[in-house]
Amino acid sequence: MKASFGVVVGLLLGMALVIGAQYALQTDGPLLSVDVSEAATPDSLGGMSEELLAQAKQYDEEAQRHEAEARRYEERAAAITPLMDTKGFRREGWKLAGDSHKTIAAELRFRAMVQRLEAERLQEKQKESAK
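Heads up, the sequence shown is in the working numbering, so the first residue is 1100 and it goes up one at a time.
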């Protein structure tokens, strides 16, 4: 059996992206990196909420990058005709790579949402303590 170079590359690319996506989605700690203690002052709460919003913005930018990569892989998969890839291995490899990037983007969007919710909570807490 003779495998073409494109099929092997497609499969390796797909496997590498799946492994990379699984590694990127594993978290060692909580989604929030800011610990809020009861002794926090209103000024420090404002700074923490700004940090959370900045981190949410970074997550959104990273998610946009992964979504663009997913679209690029899907376009490459669509460009491969059945005559170029009779068994569909290359197309499926590109689709799998695109799906991996979509999964990472969804996880990053979720993290950004959590950061924004926590920032809103801190801002409300700051307003209450300022009264």
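Just so it is clear, CB atoms sit at the ideal spot from N, CA and C, and this is done for glycine as well.
Have a look at residue i and residue j and give me their C-alpha separation to the nearest angstrom.
{"i": "Lys-1052", "j": "Glu-1168", "result": "Examination of residue 1052 is not possible in this model, given that the chain is present from 1100 through 1230 alone."}
{"i": "Ser-1132", "j": "Ser-1228", "result": "Confidence is the limiting factor: at Ser-1132 the pLDDT is only 49, short of 50, which leaves the residue's position unreliable, though a coordinate-based value still follows. Each residue's Cα considered, the two are about 22 angstroms apart."}
{"i": "Glu-1166", "j": "Ala-1205", "result": "9 angstroms"}
{"i": "Glu-1191", "j": "Ala-1155", "result": "32 angstroms"}
{"i": "Ala-1177", "j": "Ile-1203", "result": "21 angstroms"}
{"i": "Gln-1214", "j": "Lys-1194", "result": "30 angstroms"}
{"i": "Ala-1196", "j": "Gly-1187", "result": "14 angstroms"}
{"i": "Gln-1222", "j": "Arg-1189", "result": "50 angstroms"}
Helix, strand or coil for residue i per DSSP?
{"i": "Ile-1179", "result": "coil"}
{"i": "Gly-1187", "result": "coil"}
{"i": "Lys-1194", "result": "helix"}
{"i": "Lys-1230", "result": "coil"}
{"i": "Gln-1222", "result": "helix"}
When you compare each of the options to residue i by their alpha carbons, which one comes out closest?
{"i": "Arg-1164", "options": "Leu-1195, Lys-1201, Trp-1193, Met-1212", "result": "Lys-1201"}
{"i": "Gln-1157", "options": "Ala-1211, Gln-1222, Lys-1224", "result": "Ala-1211"}
{"i": "Arg-1208", "options": "Gly-1146, Ala-1162, Gly-1187", "result": "Ala-1162"}
Taking 7 angstroms as the cut-off, does the CB of residue i come closer than this to any heavy atom belonging to the ligand GTP?
{"i": "Asp-1184", "result": "Of the ligands one can find in the structure shown there are none, so the ligand GTP has no counterpart to examine."}
> Are the segment 1215-1225 and the segment 1171-1182 touching by the rule of at least three beta carbon pairs closer than 8 angstroms?
Replying inline: Segments in contact, no.
> Can we say the segment 1180-1188 touches the segment 1151-1169, given the rule of at least three CB pairs closer than 8 angstroms?
Replying inline: In short, these stretches do not touch, since the Cβ pair count stays below three.
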